[in-house]
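Visitor:
Number of protein chains: 2
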Amino acid sequence: MRILVTNDDGIHSPGLRLLYQFALELGEVDVVAPESPKSATGLGITLHKPLRMYETDICGFKVVATSGTPSDTVYLATLGLEKKYDLVLSGVNLGDNTSLQVIFSSGTLGAAFQAALLGIPAIAYSAHIEQWDEVLNDREALRIMSAVVKATAEFVARRGMPTGVDVISVNFPRRLRRGVAARLVKAAKLRYAQQVERRTDPRGVSYFWLYGKDLEPERDTDVYVVLKEENIAVTALTLNLNVLDAERAADLRSLKELVDYVNQSI
Amino acid sequence: MRILVTNDDGIHSPGLRLLYQFALELGEVDVVAPESPKSATGLGITLHKPLRMYETDICGFKVVATSGTPSDTVYLATLGLEKKYDLVLSGVNLGDNTSLQVIFSSGTLGAAFQAALLGIPAIAYSAHIEQWDEVLNDREALRIMSAVVKATAEFVARRGMPTGVDVISVNFPRRLRRGVAARLVKAAKLRYAQQVERRTDPRGVSYFWLYGKDLEPERDTDVYVVLKEENIAVTALTLNLNVLDAERAADLRSLKELVDYVNQSI
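Chains as they are written, first to last, in my numbering: chain F, 1 to 266; chain P, 1001 to 1266.
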C-alpha cells in the first residue's frame, strides 16, 4: 500500500512525524507537507502564483516541502510528482477539528477533502492538545494514538471507504488513558461563538483579532465526545452539499417556488 | 431590510458594485469586502495575525475594505462593526462557481457559508465570464442579472431560506439573452480535471502551476446548465456534511464495524 502523509501545521510539526511513524507499519509512505503552518486555510488553492516543492531533511526525517496550502500539497504530491496513492492521511493536527464550523476552515480536513475529490480515500487526525509534549512524553497516549491510526487506516485500506462516506475524521481528546473509547458521532454545527476584538496600534490605527469562545457542546456530537467525555470521536463526512440529493427535511416546494419567482422576474 | 454585500474578488471588482446597485432597491446596503482579490481561499480564516478594516471611496462608491479573506470579512462586518444583517449577498464573482470541487475552494461561497454559520441567510452569485465588459456593455444582460438578484434576494428575505437549505448559489451563463431561464439543479461533483505543470525558472529551479482542464459536464448539474444550456443554475446547498444525518445510501453497518475495529485495537 502506498500512503501519502500530509498536514496543515507544516513539515516541522511533531504530529506529522508521528503520523509518518504510525503509517510506516502499514506500507510505503511519502511525506509531502507545507513548509510553514497553514492552519485555517480550508480548501484554499493557489491558482495565481507558482508553487515550489523541494526535498528536505529534518534531523533524519525526509520530507517534501511545498510553498502551498494543504490542498495545493495534495495536488502537487499526486499530480506534480505523478505518484499514485491508495490512502491519504492528514495530521495529526495540533488542536481538535470538531464541528462543521471548524471542519470547513480546517487545512487538515481540506487536504483530506481534496484527496477525496481526486478519488483517494482520506482520513484526517486531530488532537485536542495545546502542545505536542503532552503526547510525546506519555507512552500510553502514544500507544493509543498509534493503535487508532493504524486500525482506521488498515480498515479503510482493506475494506474501502464505507459507501456514502468521503472523509473520515478522527479527533483525540486531551488525555488518552486506558479505558478511552472511539465513538461514531456526527459533527456539531458550531464549536465556538466567534468574537472580534478591536485594538489600537502604537500609531493610533485600529486593528482586529478574530477568535472564538467555547460554546457549551450538545450531547452526541464530536465536540461533546472529545471535550466532555474525553473519548475519541470518529466522524463520517460527505462532500455532497446538495440539498437535492439529501432525503432529509428539505423544502423542495419552496425551492421550486423560488425558481418560478425568478423566472417570472426575468 | 439590512443587507451586507461582499465578495472575494475585492473592492475594485465591477461585480461588487453591480451587486450593490441591485441590492439598493431592496433595502439598506453596506459593502464590506477584501481590499485585494482573494479567489480560491475557500472558508479560510485568519487567526494568527491581526486584520485591518477601513472605509474607502472608489469614484463615489463607498466601501469598507478589509485585509482579510472573504470569511474574515463576514466576521469583521457583523461582529467587528457590531451590525445586524438580514441577508448577506456575495459576488457577483468573475467566473462561475459550479461543481462541489469549485464550491469548496470558492471565497464567494466561503463568505456565504460563514454567514450561514452565523445564522444569516446568504446567497452567492457568480458569472461564467472572463471580463466584466461582457456584461457591463450589454443592457439586456444587466437587466436579467438585476432581475435575478432582486428576485432571489426578495424571495429569501420575505419567505426565509427554504427548510434544509443553508446557502443558495446562483451561476449565470456567459450570455444572458431573452429566453434564458433559471433552473433548480444540483452541483456536479467535479468541473475540472486538475493539472500540475512543472516549469524551470531562469536560475534552473523547478516551480509548479496548478490549473484545471474542463471536464465534459453531466446532464442536470450546475456545470451543464451554465456551460452547455447557457441557462442560470440555482443550487441549494447545506452545510451539513454529516453522513449520519443523511438518509442517503450511507453504509452505517460498515461504519460501525470500523469503530468496533478501532476499539478492539486500543
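We treat Cβ as the ideally placed atom computed from N, Cα and C, and that holds for glycine. From a predicted model like this one, the values you see are computed outputs, not experimental measurements.
1) May I ask you to verify whether the segment 1038 to 1056 of chain P touches the segment 74 to 93 of chain F, counting CB pairs closer than 8 Å and requiring at least 3?
2) Run down chain P in chain order and give the residues with a C-beta less than 9 Å from the C-beta of His48(F).
3) Three or more C-beta pairs under 8 Å: does that hold for the segment 1028 to 1035 of chain P against the segment 1007 to 1015 of chain P?
4) With a threshold of 8 Å between beta carbons, is Met1(F) in contact with chain P?
5) Do Tyr125(F) and Leu19(F) have their C-beta atoms within less than 8 Å of each other?
6) Work out the CA separation of Asn171(F) and Asn93(F) for me, nearest whole Å.
7) At the level of alpha carbons, what is the spacing between Gly1060(P) and Arg1017(P)?
8) Going by DSSP, what residues sit across from Ser1169(P) in a beta bridge?
9) Could you check whether the segment 1156 to 1165 of chain P touches the segment 1174 to 1185 of chain P, counting it as contact only if at least three pairs of C-beta atoms, one from each stretch, sit closer than 8 Å?
10) Using the Cα positions of Arg2(F) and Gln1195(P), report the straight-line distance between them to the nearest angstrom.
11) In whole angstroms, what separates the C-alpha of Gly95(F) from that of Ile1011(P)?
12) Between which two residues does the alpha helix (DSSP H) holding Ser1105(P) run?
13) How would you label His1128(P), buried or exposed, when you count the other beta carbons within 10 angstroms and need 16 or more for buried?
14) Using 10 angstroms around the beta-carbon of Arg1191(P), count the other beta-carbons present and answer buried if the total reaches 16, otherwise exposed.
15) Straight-line CA distance for Ile1343(P) to Ile1045(P)?
16) When you compare only the Cα positions, how much space is there between His48(F) and Ser1106(P)?
17) Taking 8 Å as the threshold (beta carbon to beta carbon), is Lys1084(P) in contact with chain F?
18) Using CA atoms only, rank isn't needed, just tell me which of Val88(F), Arg175(F), Ala236(F) is closest to Gly27(F).
19) Please check if any C-beta of chain P sits within less than 8 Å of the C-beta of Ile144(F).
20) Which residues in chain P have a C-beta closer than 8 Å to the C-beta of Gln101(F)? List them in chain order.
21) Among the candidates Ser1071(P), Lys1189(P), Tyr1075(P), whose CA atom is the shortest distance from the CA of Arg198(F)?
22) Would you say Ser67(F) and Gln114(F) are within 8 Å of each other, going by their C-beta atoms?
23) Measure from the C-beta of Ala1249(P) to each C-beta in chain F and report whether the shortest distance is under 8 Å.
24) State the Cα-Cα distance for the pair Asp1214(P) and Ala1193(P), rounded to the nearest angstrom.
25) Quick one: which residues of the segment 155 to 179 of chain F get their C-beta closer than 8 Å to a C-beta of chain P? List them in chain order.
26) Applying a beta-carbon distance threshold of less than 8 Å, which residues of chain P neighbour Phe208(F)?
27) Counting only Cβ pairs nearer than 7 Å, list the residues of chain P close to Thr261(F).
28) Tell me the DSSP secondary structure of Ile1058(P) in three-state form.
29) I want to verify the contact list: residues of chain P whose CB lies under 9 Å from the CB of Val234(F), in sequence order.
30) Quick one: residues in its chain with C-beta nearer than 6 Å to the C-beta of Ala112(F), no 5 flanking neighbours on either side, listed in chain order?
31) Just curious, the beta strand (DSSP E) that Leu142(F) is in, first and last residue?
32) Just verifying my parser: in three-state terms, what is the DSSP assignment at Arg1253(P)?
33) Is Glu1218(P) helix, strand or coil by DSSP?
Guide: Based on what the coordinates show:
1) no
2) Translated into the one-based positions of the first sequence, residue 48(F) becomes position 48. The answer, in chain order, is Pro1037, Ser1039, Ala1040.
3) By the Cβ criterion, the segment 1028 to 1035 of chain P is in contact with the segment 1007 to 1015 of chain P, since at least three pairs of Cβ atoms, one from each stretch, lie closer than 8 Å.
4) On the first sequence, position 1 is the one that residue 1(F) refers to. So no, Met1(F) is outside the interface.
5) Within the first sequence, residue 125(F) is the residue found at index 125, counting from 1. Within the first sequence, residue 19(F) is the residue found at index 19, counting from 1. Yes, Cβ-Cβ distance for Tyr125(F) and Leu19(F) is below 8 Å.
6) Walking along the first sequence from the start, residue 93(F) turns up at place 93. Walking along the first sequence from the start, residue 171(F) turns up at place 171. Going from the Cα of Asn93(F) to the Cα of Asn171(F) covers about 9 Å.
7) Position 60 of the second sequence, counted from the first residue, corresponds to residue 1060(P). Position 17 of the second sequence, counted from the first residue, corresponds to residue 1017(P). Approximately 11 Å, taken between the alpha carbons.
8) In the second sequence, the residue the question calls residue 1169(P) occupies position 169. According to DSSP, which records beta bridges pairwise, Ser1169(P) is partnered with Ala1124(P), Thr1235(P).
9) no
10) By 1-based counting over the first sequence, the position of residue 2(F) is 2. By 1-based counting over the second sequence, the position of residue 1195(P) is 195. Near 21 Å, if we compare the C-alpha coordinates of Gln1195(P) and Arg2(F).
11) If you number the first sequence from 1, residue 95(F) lands on position 95. If you number the second sequence from 1, residue 1011(P) lands on position 11. Each residue's Cα considered, the two are about 34 Å apart.
12) Residue mapping note: residue 1105(P) aligns to position 105 of the second sequence, counting from 1. 1100 to 1105 is the span of the alpha helix (DSSP H), which, as asked, contains Ser1105(P).
13) Start at 1 with the first residue of the second sequence, and residue 1128(P) comes out as number 128. So His1128(P) counts as buried.
14) As a position in the second sequence, residue 1191(P) is number 191, starting the count at 1. So Arg1191(P) counts as buried.
15) There is simply no residue 1343(P) to check, as chain P begins at 1001 and stops at 1266 in what is shown.
16) Numbered from its first residue, the first sequence carries residue 48(F) at position 48. Numbered from its first residue, the second sequence carries residue 1106(P) at position 106. Spanning the two alpha carbons is a distance of roughly 14 Å.
17) Sequence index remark: in the second sequence, residue 1084(P) carries index 84 (1-based). Answer no: the Cβ-Cβ gap between Lys1084(P) and chain F never drops below 8 Å.
18) Counted from its first residue, the first sequence places residue 27(F) at position 27. The shortest C-alpha separation from Gly27(F) is found at Val88(F).
19) Taking the first residue of the first sequence as 1, we reach residue 144(F) at position 144. Cβ-Cβ to chain P under 8 Å: yes for Ile144(F).
20) Residue numbering aside, residue 101(F) sits at position 101 when the first sequence is read from its first letter. Leu1117, listed in chain order.
21) Taking the first residue of the first sequence as position 1, residue 198(F) is located at position 198. The shortest C-alpha separation from Arg198(F) is found at Tyr1075(P).
22) Counting from 1 along the first sequence, the entry for residue 67(F) is found at position 67. Counting from 1 along the first sequence, the entry for residue 114(F) is found at position 114. Cβ atoms of Ser67(F) and Gln114(F): not closer than 8 Å.
23) As a working mapping, residue 1249(P) is identified with position 249 in the second sequence. Below a pLDDT of 50, predicted positions are generally treated as unreliable, and Ala1249(P), at 49, falls in that range; the measurement from the model is reported next regardless. So yes, Ala1249(P) belongs to the interface.
24) As a working mapping, residue 1214(P) is identified with position 214 in the second sequence. As a working mapping, residue 1193(P) is identified with position 193 in the second sequence. Taking the straight line joining both Cα atoms gives about 6 Å.
25) Phe155, Val156, Arg159, Pro162, Thr163, Gly164, Val165, Ile168
26) Taking the first sequence and counting its residues from 1, the one referred to as residue 208(F) is at position 208. By Cβ distance, chain P contributes Pro1050, Leu1051, Arg1052, Met1053, Leu1076, Gly1080.
27) Indexing the first sequence from 1 puts residue 261(F) at position 261. Rather than Thr, the amino acid found at residue 261(F) in this sequence is Tyr. One finds Ala1151, Phe1155 in chain P with Cβ atoms closer than 7 Å to the Cβ of Tyr261(F), taken in chain order.
28) On the second sequence, position 58 is the one that residue 1058(P) refers to. Strand.
29) Indexing the first sequence from 1 puts residue 234(F) at position 234. The answer, in chain order, is Leu1255, Leu1258, Val1259, Val1262.
30) Indexing the first sequence from 1 puts residue 112(F) at position 112. Within the same chain, Ala112(F) has close Cβ partners Ser90, Ala122, Ala124, Val167.
31) For the purposes of this step, residue 142(F) is identified with residue 142 of the first sequence, where counting begins at 1. Element bounds for Leu142(F): not the beta strand (DSSP E) but the alpha helix (DSSP H), 139 to 159.
32) By one-based count along the second sequence, residue 1253(P) stands at place 253. In this structure, Arg1253(P) counts as helix in the three-state DSSP scheme.
33) As a first step, residue 1218(P) must be located in the second sequence, where it is residue number 218. Reduced to three states, the DSSP call for Glu1218(P) is coil.
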